[in-house]
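2 protein chains.
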Amino acid sequence: MNPSRPTIRDVARQAGVSHQTVSRVINGSEEVLPETRAIVEAAIEELGYRPSAIARSMARGSTHTLAIISPNLTDYTFASVIEGAEVEARQHNYFVLSSSASDPQAFQGLVDELVGHRRVDGLIVINPYADDRYQHIPNNFPVVFVGARSHDENVCSISLDDEKVAYEATQHLISLGHKRIALVTGPMEEDCSQDRLEGYRHALKEAGIPFDQTLVFEGDWSASSGSDALVDFVKKGDLPTAVFAQNDRMAMGVMRAARDANLNVPDQISVIGVDDMPLSSYFDPPLTTMRQDMPLIGQEAIRKLMDIIQNKTVEQTVLKLPAQLVVRQSTFKGGD
Amino acid sequence: MNPSRPTIRDVARQAGVSHQTVSRVINGSEEVLPETRAIVEAAIEELGYRPSAIARSMARGSTHTLAIISPNLTDYTFASVIEGAEVEARQHNYFVLSSSASDPQAFQGLVDELVGHRRVDGLIVINPYADDRYQHIPNNFPVVFVGARSHDENVCSISLDDEKVAYEATQHLISLGHKRIALVTGPMEEDCSQDRLEGYRHALKEAGIPFDQTLVFEGDWSASSGSDALVDFVKKGDLPTAVFAQNDRMAMGVMRAARDANLNVPDQISVIGVDDMPLSSYFDPPLTTMRQDMPLIGQEAIRKLMDIIQNKTVEQTVLKLPAQLVVRQSTFKGGD
DNA sequence: ATGAAAGCGCTAACAA
DNA sequence: TTGTTAGCGCTTTCAT
Numbered sequence: 189m190n191p192s193r194p195t196i197r198d199v200a201r202q203a204g205v206s207h208q209t210v211s212r213v214i215n216g217s218e219e220v221l222p223e224t225r226a227i228v229e230a231a232i233e234e235l236g237y238r239p240s241a242i243a244r245s246m247a248r249g250s251t252h253t254l255a256i257i258s259p260n261l262t263d264y265t266f267a268s269v270i271e272g273a274e275v276e277a278r279q280h281n282y283f284v285l286s287s288s289a290s291d292p293q294a295f296q297g298l299v300d301e302l303v304g305h306r307r308v309d310g311l312i313v314i315n316p317y318a319d320d321r322y323q324h325i326p327n328n329f330p331v332v333f334v335g336a337r338s339h340d341e342n343v344c345s346i347s348l349d350d351e352k353v354a355y356e357a358t359q360h361l362i363s364l365g366h367k368r369i370a371l372v373t374g375p376m377e378e379d380c381s382q383d384r385l386e387g388y389r390h391a392l393k394e395a396g397i398p399f400d401q402t403l404v405f406e407g408d409w410s411a412s413s414g415s416d417a418l419v420d421f422v423k424k425g426d427l428p429t430a431v432f433a434q435n436d437r438m439a440m441g442v443m444r445a446a447r448d449a450n451l452n453v454p455d456q457i458s459v460i461g462v463d464d465m466p467l468s469s470y471f472d473p474p475l476t477t478m479r480q481d482m483p484l485i486g487q488e489a490i491r492k493l494m495d496i497i498q499n500k501t502v503e504q505t506v507l508k509l510p511a512q513l514v515v516r517q518s519t520f521k522g523g524d
Numbered sequence: 189m190n191p192s193r194p195t196i197r198d199v200a201r202q203a204g205v206s207h208q209t210v211s212r213v214i215n216g217s218e219e220v221l222p223e224t225r226a227i228v229e230a231a232i233e234e235l236g237y238r239p240s241a242i243a244r245s246m247a248r249g250s251t252h253t254l255a256i257i258s259p260n261l262t263d264y265t266f267a268s269v270i271e272g273a274e275v276e277a278r279q280h281n282y283f284v285l286s287s288s289a290s291d292p293q294a295f296q297g298l299v300d301e302l303v304g305h306r307r308v309d310g311l312i313v314i315n316p317y318a319d320d321r322y323q324h325i326p327n328n329f330p331v332v333f334v335g336a337r338s339h340d341e342n343v344c345s346i347s348l349d350d351e352k353v354a355y356e357a358t359q360h361l362i363s364l365g366h367k368r369i370a371l372v373t374g375p376m377e378e379d380c381s382q383d384r385l386e387g388y389r390h391a392l393k394e395a396g397i398p399f400d401q402t403l404v405f406e407g408d409w410s411a412s413s414g415s416d417a418l419v420d421f422v423k424k425g426d427l428p429t430a431v432f433a434q435n436d437r438m439a440m441g442v443m444r445a446a447r448d449a450n451l452n453v454p455d456q457i458s459v460i461g462v463d464d465m466p467l468s469s470y471f472d473p474p475l476t477t478m479r480q481d482m483p484l485i486g487q488e489a490i491r492k493l494m495d496i497i498q499n500k501t502v503e504q505t506v507l508k509l510p511a512q513l514v515v516r517q518s519t520f521k522g523g524d
């Protein structure tokens with residue numbers, strides 16, 4: 189594009205040394221006389237030389253580029269992971285290509301393009317689906333999964349400790365005296381939803397509250413599915429006194445539908461979510477939720493990936509991060 | 189990483205042709221006999237050969253990679269632009285590196301790294317700030333600005349038609365009978381905030397309503413700054429009957445503070461925002477807003493960029509997209 | 001229609 | 001400490 193940028197050889201000529209010496213200088217090799225170095229650096233400065241990452245990749249066989257594949261880039265949860273990852277990657281002098289793949293086919297195409305054509309050194313998959321898309325990734329290729337359990341040996345994954353988070357959320361409700369606690373889940377084919385269901389059941393069991401399938405509604409993470417859930421509970425009669433929504437958006441939908449049904453939150457029905465989105469404290473009422481640190485998850489994912497790439501140690505790691513209960517005004521004592 | 193993948197020469201050997209013929213086949217050249225092509229394709233298949241993007245970049249001198257620099261990756265507005273851009277770029281077989289740069293210094297560093305070192309083929313800058321960071325970008329480098337006016341010749345920009353959007357929002361309020369219409373702006377150093385102020389003033393003027401500086405509050409796009417705005421108006425006494433917040437988040441803050449001040453929305457005070465975030469219809473009350481299509485902006489940005497890269501035509505283009513009024517329940521007739 | 005040679009800009013041996 | 005010689009895997013002339 190630019191009228192032929194200077195190359196390592198132009199610099200060499202200008203400095204009166206061999207191109208190899210220039211290479212040594214730009215790579216910070218010790219084996220260069222300070223004065224030689226100075227001359228070369230002067231030449232670099234004068235010519236405005238910048239090494240080409242492509243040529244480097246070519247010679248070294250690695251691109252210093254990573255990729256993140258996410259179902260989408262706009263969901264606040266995903267975007268936060270990506271941002272955390274991006275910042276950490278830059279720290280290590282890596283860039284990251286983020287792409288979205290909504291279906292398995294797009295995912296496979298992306299992996300092929302990214303890994304097959306050797307554009308990237310490593311991969312992070314934000315993959316809430318418990319399908320076997322990881323199968324499409326070549327063996328031994330550096331990859332870290334975010335938000336899904338490991339289904340395989342030799343696969344690293346990082347996620348929220350979903351079971352624990354759900355356990356704690358449910359317990360918060362129980363500690364408030366609630367006994368009829370409804371659950372609004374994400375899509376049940378996602379690990380995350382299942383684990384949170386598990387935590388919910390665990391807390392119930394521990395408190396001696398029988399599990400009631402009619403109090404469980406499968407949503408899809410959207411606010412409208414939260415609304416649907418509450419409408420459904422109302423229709424069934426025998427309302428719950430509290431609802432644990434597996435994310436804040438659905439919690440918001442629950443609250444909205446409650447308002448429409450003339451149910452006061454939290455007086456008549458308590459609601460707790462998961463995420464602590466930036467707007468959660470602005471809901472009406474401000475939402476009690478389990479705060480999770482998504483950027484940290486992204487950061488940890490990159491760290492693990494760097495570790496795999498550098499040490500080629502592909503030992504399985506499963507990291508589960510905690511969340512923190514943030515009590516606001518959507519939960520209140522209840523029960524009979 | 190992988191035990192040396194097959195190269196073009198391996199395929200050539202396998203197929204009994206020259207590596208050049210293989211090159212022709214993978215590039216879809218016409219000048220290959222169908223039977224030769226078949227043999228080569230069989231060899232490719234058999235060996236599982238995939239061309240190396242790096243080697244291609246090396247030989248062709250272009251990376252088929254674009255970059256997008258945004259203040260952050262999590263803001264819904266930015267993320268939507270990025271996603272729109274990413275999808276469109278994939279369509280053209282380009283990948284995009286998205287990075288965040290919060291301050292001008294980080295921005296400059298990123299540009300240098302991306303353009304000077306990584307040699308991306310083009311750049312999209314999501315740049316709401318009217319500073320001169322574009323100066324750091326080499327002349328004649330393909331770049332498209334999103335969300336900022338052009339301050340220079342030969343620079344392409346795409347954004348919402350901010351003035352018109354603000355004009356229409358204000359007019360909606362006016363048509364409802366409002367005369368005391370407050371404005372909550374984004375940071376005034378952003379083009380976007382200024383243009384929206386302009387549109388607001390324009391609508392006011394046209395309706396013969398005098399502009400009142402005390403009704404203007406400078407926020408920072410955050411919900412809390414929206415709250416601050418309303419608190420400020422309350423403190424000043426002589427409340428507005430309507431508030432135009434320059435984005436939905438601030439509108440949400442306004443509504444929340446109104447509730448806290450026992451002001452009913454929309455009966456006592458109407459509120460309109462801009463964006464139509466996914467959650468806006470779930471606010472209480474559902475927010476009237478100007479819906480903008482951010483993914484489309486991202487898409488258009490990529491299209492323009494592709495055009496610049498391919499045709500090397502760097503003529504200035506300023507594209508301003510419209511927004512659409514979505515009337516929900518936060519605005520109501522008012523006035524004296 | 002196909003092949004041979006050269007080169008993209010760098011790094012990695014090895015020599016001097 | 002520095003220079004020389006080979007590639008990295010492809011595309012691009014230019015022959016054939």
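For the protein sequence lines, the chains are A and B, in the order given. Mapped onto the working numbering, the consecutive letters of the first sequence carry residue numbers 189 to 524. Mapped onto the working numbering, the consecutive letters of the second sequence carry residue numbers 189 to 524. Just so it is clear, CB atoms sit at the ideal spot from N, CA and C, and this is done for glycine as well.
Under 8 Å, CB to CB, which of the residues in the segment 266-293 of chain A have a partner in chain B? Ala267, Ser268, Ile270, Glu271, Glu274, Val275, Arg278, Phe283, Val284, Leu285, Ser286, Ser287, Ser288
Same chain only: Cβ atoms within 6 Å of His368 (chain A), ignoring 5 sequence neighbours per side: Taking the first residue of the first sequence as position 1, residue 368 (chain A) is located at position 180. For the sequence presented, residue 368 (chain A) should be read as Arg rather than His. Correct list, in chain order: Pro428, Thr429.
For Ser268 (chain A), collect the residues of the same chain with a Cβ closer than 6 Å to its Cβ; drop the 5 residues on either side in sequence, then sort them by chain order. As a first step, residue 268 (chain A) must be located in the first sequence, where it is residue number 80. Cβ neighbours of Ser268 (chain A) beyond the five flanking positions: Met482, Pro483.
Contact the segment 282-294 of chain B vs the segment 225-242 of chain A: 3+ CB pairs below 8 Å: no
Looking only at DSSP bridge pairs, what is Ala433 (chain B) linked to? One-based indexing of the second sequence puts residue 433 (chain B) at position 245. According to DSSP, which records beta bridges pairwise, Ala433 (chain B) is partnered with B:Val372.
Using beta-carbon positions only, say whether Val284 (chain B) and Leu254 (chain B) come within less than 7 Å of one another. Residue 284 (chain B) sits at position 96 when you count from the first residue of the second sequence. Residue 254 (chain B) sits at position 66 when you count from the first residue of the second sequence. Yes.
Is the CB-CB distance between Val462 (chain B) and Ser518 (chain B) below 7 Å? Here residue 462 (chain B) corresponds to residue number 274 of the second sequence, with the count starting at 1. Here residue 518 (chain B) corresponds to residue number 330 of the second sequence, with the count starting at 1. Going by C-beta atoms, Val462 (chain B) is not nearer than 7 Å to Ser518 (chain B).
Would you list the one or two residues that DSSP bridges to Arg479 (chain B)? Counted from its first residue, the second sequence places residue 479 (chain B) at position 291. Beta-bridge pairing links Arg479 (chain B) to B:Asp463, B:Gln512.
According to DSSP, is Met189 (chain A) helix, strand or coil? The residue given as residue 189 (chain A) occupies position 1 in the first sequence. Annotation note: pLDDT 40 at Met189 (chain A) (below 50); position unreliable, coordinate value reported separately. Coil.
In chain order, which alpha helix (DSSP H) runs of at least 4 residues are fully inside the segment 197-251 of chain B? 207-214, 222-235, 241-248
Members of the segment 248-264 of chain A that neighbour chain B once the beta carbon cut-off is set at 7 Å: Thr251, Asn260, Leu261, Thr262, Tyr264
Going residue by residue through the segment 391-424 of chain B, where are the continuous beta strand (DSSP E) segments of at least 3 residues, counting only ones entirely within it? 404-406
How about Ser245 (chain A): is its C-beta nearer than 7 Å to some C-beta of chain B? Position 57 of the first sequence holds residue 245 (chain A). Answer yes: the Cβ-Cβ gap between Ser245 (chain A) and chain B drops below 7 Å somewhere.
Going along the chain, which residues of its own chain have a beta-carbon closer than 6 Å to the beta-carbon of Glu408 (chain B), five neighbours each way excluded? Position 220 of the second sequence holds residue 408 (chain B). It should be pointed out that residue 408 (chain B) corresponds to Asp in this sequence rather than to Glu. The residues are Pro375.
What are the start and end residues of each continuous alpha helix (DSSP H) run of 4 or more residues lying completely inside the segment 267-330 of chain B, in chain order? 292-299
Does the beta carbon of Arg516 (chain A) sit closer than 7 Å to a beta carbon anywhere in chain B? Here residue 516 (chain A) refers to the residue found at position 328 when the first sequence is read from its first residue. It does not: the Cβ of Arg516 (chain A) has no partner Cβ on chain B nearer than 7 Å.
So, do the segment 488-502 of chain B and the segment 444-460 of chain B have three or more beta carbon pairs nearer to each other than 8 Å? no
Can you name the start and end residues of the alpha helix (DSSP H) that Thr253 (chain A) belongs to? As a working mapping, residue 253 (chain A) is identified with position 65 in the first sequence. That residue, Thr253 (chain A), is in no alpha helix (DSSP H); its beta strand (DSSP E) goes 253-258.
By the 10 Å Cβ neighbour count, where 16 or more other Cβ atoms means buried, how is Asn190 (chain B) classified, buried or exposed? Position 2 of the second sequence holds residue 190 (chain B). Residue placement at Asn190 (chain B) is flagged as unreliable, the pLDDT there being 44, under the threshold of 50; the coordinate-derived value follows with that caveat. Classification of Asn190 (chain B): exposed, given that the 10 Å Cβ count is below 16.
Taking just the CA atoms, how far does Phe266 (chain A) sit from Ile257 (chain A)? For the purposes of this step, residue 257 (chain A) is taken as the residue at position 69 of the first sequence. For the purposes of this step, residue 266 (chain A) is taken as the residue at position 78 of the first sequence. Each residue's Cα considered, the two are about 10 Å apart.
Alpha-carbon spacing of Ser288 (chain A) relative to Ala241 (chain B), whole angstroms: Along the first sequence, one-based indexing puts residue 288 (chain A) at 100. Along the second sequence, one-based indexing puts residue 241 (chain B) at 53. If I take the Cα positions, the gap works out to 20 Å.
Distance between Gln456 (chain B) and Gly335 (chain A) (C-alpha atoms, nearest Å): Taking the first residue of the first sequence as 1, we reach residue 335 (chain A) at position 147. Taking the first residue of the second sequence as 1, we reach residue 456 (chain B) at position 268. Distance between the alpha carbons of Gly335 (chain A) and Gln456 (chain B) is about 45 Å.
Bridge-paired residues (DSSP) for Ile490 (chain B): For the purposes of this step, residue 490 (chain B) is taken as the residue at position 302 of the second sequence. For Ile490 (chain B), which the question treats as bridged, DSSP gives no partner whatsoever.
Does Leu311 (chain B) pass the burial test, meaning 16 or more other C-beta atoms within 10 Å, or should it be called exposed? Residue 311 (chain B) sits at position 123 when you count from the first residue of the second sequence. That one is buried.
The alpha helix (DSSP H) spanning Ser363 (chain A) covers which residue range? Translated into positions along the first sequence, residue 363 (chain A) becomes position 175. Here the alpha helix (DSSP H) through Ser363 (chain A) covers 350-363.
Below-7 Å beta-carbon distance, Met440 (chain A) vs any chain B residue: If you number the first sequence from 1, residue 440 (chain A) lands on position 252. True, the Cβ-Cβ gap to chain B drops below 7 Å.
How big is the Cα-Cα spacing for Leu392 (chain A) and Ala433 (chain A)? One-based indexing of the first sequence puts residue 392 (chain A) at position 204. One-based indexing of the first sequence puts residue 433 (chain A) at position 245. Cα to Cα, the separation comes out at about 15 Å.
Could you tell me the alpha carbon to alpha carbon distance between Lys423 (chain A) and Asp416 (chain A), rounded to whole angstroms? Position 235 of the first sequence, counting from 1, holds the residue named residue 423 (chain A). Position 228 of the first sequence, counting from 1, holds the residue named residue 416 (chain A). For Lys423 (chain A) and Asp416 (chain A), the distance between alpha carbons rounds to 10 Å.
Mapping the DSSP letters down to three states, classify Pro442 (chain A) as helix, strand or coil. For this step, residue 442 (chain A) is matched to residue 254 along the first sequence. The sequence given here places Val at residue 442 (chain A); Pro does not occur at that position. Of the three classes helix, strand and coil, the one that applies to Val442 (chain A) here is helix, per DSSP.
Whose C-alpha, out of A:His252, A:Pro194, A:Ser290, is nearest the C-alpha of Arg238 (chain A)? Position 50 of the first sequence, counted from the start, is the residue given in the question as residue 238 (chain A). Among A:His252, A:Pro194, A:Ser290, the Cα nearest to that of Arg238 (chain A) is on A:Pro194.
With a threshold of 7 Å between beta-carbons, can Ser240 (chain B) be considered close to chain A, or not? Translated into positions along the second sequence, residue 240 (chain B) becomes position 52. It does: the Cβ of Ser240 (chain B) has a partner Cβ on chain A nearer than 7 Å.
Looking at Pro466 (chain A) and Phe550 (chain A), is the spacing between their C-beta atoms short of 7 Å? The structure shown does not extend to residue 550 (chain A), since chain A spans only 189 to 524, so no value can be given for it.
Does the segment 340-355 of chain B touch the segment 388-404 of chain B, meaning 3 or more C-beta pairs lie closer than 8 Å? yes
Going by CA-CA distance only, name the one from A:Cys380, A:Thr358, A:His324, A:Pro510 that's closest to Leu371 (chain A). Locating residue 371 (chain A) in the first sequence gives position 183, counting from the first residue. Of A:Cys380, A:Thr358, A:His324, A:Pro510, the residue nearest in Cα terms is A:Thr358.
When the Cα atoms are used, what is the spatial distance from Asn315 (chain B) to Ile496 (chain A)? As a first step, residue 315 (chain B) must be located in the second sequence, where it is residue number 127. As a first step, residue 496 (chain A) must be located in the first sequence, where it is residue number 308. Roughly 35 Å between the two C-alpha positions.
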